[in-house]
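**Q** Pasting a structure below so you can have a look.
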Amino acid sequence: MKNAAAVLGILLSVAGGNVLPAQERIRKPPPFEPIDVLRLPPLQSHTFPNGLKLWIAARDPAPVMSLHLIIGGGECASPPQLPGLATLAATVLGFSTETRRPAEVEEAVEAIGGALTARAFPDVLRLGFHFLEENVDDALALVGDIILRPSFTERAFQIAKTTVTYDLLEKERDLEFAAKRLLLRQLFQGHPYERFAFSRDAIRDWTLKDLVLFIDRIVRPNNAQLLLVGNVNIDTASRKVSHVLNTWARRDPLPAPVPALRPPERDRLAFIDVPRAKDCAIYAGTTLPPLAAADSAALAVLNQIVGGTQYSRLFMNLRESNNYAYYAYSEIETYRAGEAFLVRAVVTTDVIGPAVVQVLGEVRRLAKEPPSAQEVEQAKGYLIGRFPVSIERPEAFSGRIADILSSNGGQDQWSRSSEIVIGVDAERTFVLAQRILAQPFLVVIAGAKEACQSGLSGFDEIDFYDDKGQFVSRQTKRKES
Amino acid sequence: MRSKTSARSKAFGAWACIALLALAGGTEASQNLPGPPPTRSKLKNGLEVILSPDPALPVVAVVVAYQAGSVQEPPGKTGLAYLIERLMMDAGTEYVAPFQHINDISRSGGTLNADAYEDRTLFYQTIPSNQLARVLWLESERMRGLQITEANFERARGLLLEDLRRRRSGEPYLASLFAFDQLIYSEFAFSHPLLGSEDDIRDLTLEDVKSFYASAYTPNNAVLAIAGNLNRAKTLDFAARFFESIPRGRDIPPSTENWTYGRQPIERSFEEPQASSPALFIGFRIGSPFSNDFYTLTLLDYILLRGRSARLPRRLLDRDAKIAYQLSGGIERRQDRAVYKIFVTASAPNIPACRNVIFNELEKLQRNFVSADELGRAKTRYRQNLVLRTSSAMDRAIHLAESALSLRPIGRTIDDLPAEFAKHMAVTDKDIVAIVNRHFSPETRIVLDIRRR
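Chains as they are written, first to last, in numbering that gives the first Met the number 0: chain D, 0 to 480; chain G, 0 to 452.
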């Protein structure tokens, strides 16, 4: 599973000798040994006559298998007037079938040692199933039942609506959720992804008929990919999948592809008033069209330098140097239509103004000054070391592949990701930073307006929203002539 | 503020659902464990070293588990185990700077954490495999000579008090959980909270902390488990080189005494200032966790509580007729004491119904055999849980370290794990009826009725 040829010089460094006899205390840390850069076997695939694409990833020898059914058209395929419908579909999918009542589905899942989850993303609807490998036939049979013979009763529909409502209610208590939802709404304004950031108001418009139509429109074999991860080969898997899903009939048309994301047109600042909030959450971001694999790797390095960990610039600035923030990080979200570069921080109310200035200043700094070679090498070292650690658990291993397939990522993003990171240098990182981090950014703050008012006085224009995310007013600073 | 410690089971929600003899890897399971079977050896100072190679990914997990927890704290000195867990993460040694351990691992892409429990404390990390020697050295340093100074002790004490205040004000039912532990365990060593009390923590001295550290965090009171992409001979060499010169500590005699307790039901009520809704704690004393009953109890736990198709979730959390808001519980073990706890929250009118459902299910289990299907499903879930608990290097290392510590008092080792698994698989419907009659009768139940203030 690994390529012993590629050895990381950057991780060879440091530290003194270690040849003391056993009974003496070693005073210095032992040196690192060379690390083998991870190269994973490529994914194998097979496309059935009905258009269903099967992917296989070997992961041995843990006796657990994972199955992900990835259906194209997640929240982006929800009708524009019914945002959130994909989330409802994910909640109700697998609840019951024509041949199994809800309790029987639960029993069937547990009888094979499984755990079944379904979730809507902007691009896809995903069904995930982890089970003991000896039960692969039963697991496929259950998935076949869920897909070919679903049952959507009024009762199940009402329960799913209640579940989505309470789930949102719970999330809305979190300042960061409120800030991120408004940010995504603004970043994706006019784009189908905007429906992903739906609010509770949307729920009352959903009907069972809408739900059934939506599921019927997207759950089609020629719009789906099935990923199996475990100790299985492509021939056996193809035979087993075909046995269960060969009657799944191909149908057209499919949901239309989504247009590429574009950067925001100008910098904007929005504020969500949450009257009793003790702290403030800041979410800032920008969007860009899809990147080639090498640029994706450079973006990962760039993100690492700006805010990937607590040793990155944002955390060191906002928390360690200025003591403004509890934490401050950056992250990348990858979609079929492009990337979103996001920054998140939670800060104390009294420093909200300077904290926003520092967030934007720190992001823009990398667009103006090239990173040092050492900083880039440290970021690469972290990413290369982190990758195998992050896919260690079976569900994380298969989840990472499912993420890549969900965003139409290529084979290389899975099997050669560490090698591609090695090829990133300071120049490439800086060129990308100049392109992305100099773009307009949208900033959303969630906090108590009254407590933050004085800290916000330095900003030219602020749009205010209530705690439900509804626009309230625009405050514009009068420019002195 | 940078401490990464997060006590997994420090208080409420801390169901240590680990029955001693449920710590199995198992005959079937061990055949399916990644890589060659684990091996164990002992250094001259008594440190048990367990290796579990698995070359699948270039990562390795290192766990050091100490048989040290709140049960060893004397009256008036509560909070010591939790405080030392924090110091072990943050404080340095003569050759390791403060926070260096955390920094070295985090910067290389690794992850680390620590968990303190009532009867054990674990320190663990997963790292790229080229970092193994360094991490073993770092672990040996904090076992050998943690630098506990007035400054870092005061800092840790402040953080502990802050954490305690935060949890007391932010976690509903924490106070009632503490009250329930007083009822069910009764003796101080087992009933006082791992978090400690504010008064005790304020009164702790530097000498108290140093003395507790010196007595319990020693090689002969610990297990070192390493799993992942490793070379056995080389790793053993590292372990010997870094750990063997650490002096052996005093031997702590294993405690396997029989727990004698009364057989009268106890029923109390408690006004919970933080409660968002009324709740019930229901508990049963199981006695010593070193008996054959534990194989059966583990399976009973799956039948009663674990998974959506288990009996209590099915009846209390059914989507169509939901009676309760939340339900949790399971087997809890504190050294040589074991109890079974059930916790349920519901609206005030539904609390009696919850109570009836729970007792009704137990009565049914006293009188009727469970079906072959239900028992089979419980065994599958149990096996799946074991597989998942050993499916990553970190999980496997934790599993092996905890198993070794738990089996030690009864003279068993991880070599016995396959046999332990087989015993679970051999549990019958008759065993279930017998254990429910023995330990879950109305005479032994302890109930705390939690009301909103």
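Glycine included, each C-beta is placed from N, C-alpha and C at the ideal position.
Near M393 of chain G, which residues of its chain fall below 6 Å by C-beta distance, leaving aside the five closest residues on each side in sequence?
**A** The residue labelled residue 393 of chain G in the question sits at position 394 within the second sequence. Result list for M393 of chain G: A60, T125, in chain order.
**Q** Would you mind sorting V375 of chain D into buried or exposed? The rule is 16 or more other CB atoms within 10 Å of its CB.
**A** Residue 375 of chain D sits at position 376 when you count from the first residue of the first sequence. When all chains shown are included, V375 of chain D counts as buried.
**Q** In the segment 245-318 of chain G, which residue ranges form an unbroken alpha helix (DSSP H) of at least 4 residues, counting only runs that do not cross its ends?
**A** Counting only runs of 4 or more, we get 292-303, 310-315.
**Q** Would A285 of chain G count as contacting chain D if we go by Cβ distances under 9 Å?
**A** The count along the second sequence starts at 1 and reaches residue 285 of chain G at position 286. This sequence places Ile at residue 285 of chain G; Ala is not what is there. False, the Cβ-Cβ gap to chain D never drops below 9 Å.
**Q** Measure from the alpha carbon of G112 of chain D to the alpha carbon of each residue in D:H129, D:L124, D:V104, D:A119, then state which is nearest.
**A** What you label residue 112 of chain D is simply residue 113 of the first sequence in a count that begins at 1. Measuring from the Cα of G112 of chain D, the nearest candidate turns out to be D:H129.
**Q** Check the Cβ of Q130 of chain G against every Cβ in chain D and list those closer than 9 Å, keeping chain order.
**A** Here residue 130 of chain G is taken as the residue at index 131 of the second sequence, counted from 1. Correct list: L10, F31, E32, I34, G384.
**Q** Express the C-alpha separation of L361 of chain G and T57 of chain G in angstroms, rounding to a whole number.
**A** Here residue 57 of chain G corresponds to residue number 58 of the second sequence, with the count starting at 1. Here residue 361 of chain G corresponds to residue number 362 of the second sequence, with the count starting at 1. The displayed chain sequence assigns Pro, not Thr, to residue 57 of chain G. Rounded to the nearest angstrom, the two C-alpha atoms are 48 Å apart.
**Q** Name the chain D residues whose beta carbon is nearer than 7 Å to that of F241 of chain G?
**A** Here residue 241 of chain G refers to the residue found at position 242 of the second sequence. Result: I25.
**Q** Taking DSSP as the reference, what is the three-state secondary structure of E106 of chain D?
**A** On the first sequence, position 107 is the one that residue 106 of chain D refers to. Of the three classes helix, strand and coil, the one that applies to E106 of chain D here is helix, per DSSP.
**Q** CA-CA distance, A223 of chain D and V123 of chain D?
**A** As a working mapping, residue 223 of chain D is identified with position 224 in the first sequence. As a working mapping, residue 123 of chain D is identified with position 124 in the first sequence. The straight-line gap from Cα to Cα measures roughly 9 Å.
**Q** For the alpha helix (DSSP H) that contains Q391 of chain D, what are its first and last residues?
**A** Position 392 of the first sequence, counting from 1, holds the residue named residue 391 of chain D. Checking the sequence, you will find Glu at residue 391 of chain D rather than Gln. Segment: none, E391 of chain D is in no alpha helix (DSSP H) and carries neither H nor E.
**Q** According to DSSP, is S44 of chain D helix, strand or coil?
**A** As a working note, residue 44 of chain D is residue 45 in the first sequence. DSSP places S44 of chain D in strand when its eight states are reduced to three.
**Q** DSSP beta-bridge partners for G229 of chain D?
**A** Along the first sequence, read from residue 1 onward, the residue named residue 229 of chain D stands at position 230. Per DSSP, D:A57.
**Q** If I'm right that P312 of chain G touches L299 of chain G with Cβ under 8 Å, what's the distance once you round it to whole angstroms?
**A** The residue you call residue 312 of chain G lines up with position 313 of the second sequence. The residue you call residue 299 of chain G lines up with position 300 of the second sequence. In fact, because the Cβ distance is near 15 Å, the residues do not count as touching under 8 Å.
**Q** What does DSSP give as the partner residue(s) for T344 of chain G in the beta ladder?
**A** Here residue 344 of chain G refers to the residue found at position 345 of the second sequence. T344 of chain G is bridged to G:A278, G:Q325.
**Q** So is M424 of chain G in contact with chain D if we call contact Cβ pairs under 9 Å?
**A** As a working mapping, residue 424 of chain G is identified with position 425 in the second sequence. Not closer than 9 Å to any Cβ of chain D, the Cβ of M424 of chain G fails to qualify, so no.
**Q** Please report the straight-line C-alpha distance between S514 of chain D and T96 of chain D, rounded to a whole angstrom.
**A** Absent from the model: residue 514 of chain D. The displayed extent of chain D is 0 to 480, so no value can be given.
**Q** If you scan the segment 243-278 of chain D from start to end, which runs of the beta strand (DSSP E) of 3 or more residues do you find wholly inside it?
**A** Taking only runs of at least 3 residues, the beta strand (DSSP E) segments lying wholly in the segment 243-278 of chain D are 267-272.
**Q** Between D:L53, D:R434, D:F440, which lies nearest to I233 of chain D when the distance is taken from Cα to Cα?
**A** Your numbering for residue 233 of chain D matches position 234 in the first sequence. Per the Cα distances, D:L53.
**Q** Quick check: what's the CA-CA separation for V345 of chain D versus A445 of chain D?
**A** The residue you call residue 345 of chain D lines up with position 346 of the first sequence. The residue you call residue 445 of chain D lines up with position 446 of the first sequence. If you take the alpha carbons of V345 of chain D and A445 of chain D, they lie about 9 Å apart.
**Q** Start and end of the alpha helix (DSSP H) containing S168 of chain G?
**A** Here residue 168 of chain G refers to the residue found at position 169 of the second sequence. From DSSP, the alpha helix (DSSP H) with S168 of chain G extends over 149-169.
**Q** Only counting runs of 4 or more residues, tell me where the alpha helix (DSSP H) segments fall wholly within the segment 86-138 of chain G, in order along the chain.
**A** As far as the segment 86-138 of chain G is concerned, its whole alpha helix (DSSP H) runs of at least 4 residues are 99-106.
**Q** Excluding five sequence neighbours on each side, which residues of the same chain lie with their C-beta closer than 7 Å to the C-beta of L436 of chain D?
**A** As a first step, residue 436 of chain D is located in the first sequence; it is residue number 437 there, counting from the start. If we look at L436 of chain D and ignore the five residues flanking it on each side, its Cβ neighbours are V362, R363, L365, A366.
**Q** Rounding to the nearest angstrom, what Cα-Cα distance links F328 of chain D and L298 of chain D in this structure?
**A** Residue 328 of chain D sits at position 329 when you count from the first residue of the first sequence. Residue 298 of chain D sits at position 299 when you count from the first residue of the first sequence. A small fix is needed here, since residue 328 of chain D is Tyr in this sequence, not Phe. Straight-line Cα distance between these residues: approximately 15 Å.
**Q** So, helix, strand or coil for F439 of chain G, using DSSP?
**A** Position 440 of the second sequence, counted from the first residue, corresponds to residue 439 of chain G. Residue state, collapsed to three classes: coil.
**Q** Quick check on DSSP: helix, strand or coil for E368 of chain D?
**A** Reading the first sequence from its first residue, position 369 is the one you call residue 368 of chain D. Residue state, collapsed to three classes: coil.
**Q** Pick helix, strand or coil for L298 of chain D, following the three-state DSSP scheme.
**A** Locating residue 298 of chain D in the first sequence gives position 299, where the first residue counts as 1. Of the three classes helix, strand and coil, the one that applies to L298 of chain D here is helix, per DSSP.
**Q** According to DSSP, Y282 of chain D sits in a beta bridge with which residue or residues?
**A** For the purposes of this step, residue 282 of chain D is taken as residue 283 along the first sequence, with counting starting at 1. DSSP lists D:R343, D:V443 as partners of Y282 of chain D.
**Q** So, at 6 Å on beta carbons, what are the nonlocal neighbours of D180 of chain G in its own chain, with the 5 sequence-adjacent residues on each side left out?
**A** Walking along the second sequence from the start, residue 180 of chain G turns up at place 181. Same-chain partners within the cutoff: S190.
**Q** Can you list, in chain order, the residues of its chain whose CB lies under 7 Å from that of F156 of chain D, leaving out five sequence neighbours each side?
**A** Within the first sequence, the letter at position 157 stands for residue 156 of chain D. Closer than 7 Å at the Cβ level, and outside the excluded window around F156 of chain D, lie V91, L207, L210.
**Q** Determine the closest residue to V420 of chain D out of D:G380, D:A61, D:Y310, D:R99, with distance taken between C-alpha atoms.
**A** Residue numbering aside, residue 420 of chain D sits at position 421 when the first sequence is read from its first letter. For the residues D:G380, D:A61, D:Y310, D:R99, the minimum Cα distance to V420 of chain D belongs to D:G380.
**Q** When burial is assigned at 16 or more other CB atoms within 10 Å of the CB, is T235 of chain D buried or exposed?
**A** Along the first sequence, read from residue 1 onward, the residue named residue 235 of chain D stands at position 236. Burial call: exposed.
**Q** Please list the terminal residues of the continuous beta strand (DSSP E) segment that includes A60 of chain G.
**A** Mapped onto the second sequence, residue 60 of chain G falls at position 61. Segment 58-65, the beta strand (DSSP E) holding A60 of chain G.
**Q** When Cβ atoms are compared, which residues of the segment 130-147 of chain D fall closer than 9 Å to chain G?
**A** Residues passing the 9 Å Cβ filter: F130, L131, E132, N134.
**Q** For the segment 133-149 of chain G, which residues have a CB atom closer than 9 Å to at least one CB atom of chain D, in sequence order?
**A** If the cut-off is 9 Å between Cβ atoms, the segment 133-149 of chain G has R133, L135, W136, L137, S139, E140, R143, G144 near chain D.
**Q** Where P35 of chain G and I397 of chain G are concerned, what is the direct C-alpha to C-alpha distance, given to the nearest angstrom?
**A** The sequence position of residue 35 of chain G within the second sequence is 36, counting from 1. The sequence position of residue 397 of chain G within the second sequence is 398, counting from 1. For P35 of chain G and I397 of chain G, the distance between alpha carbons rounds to 17 Å.
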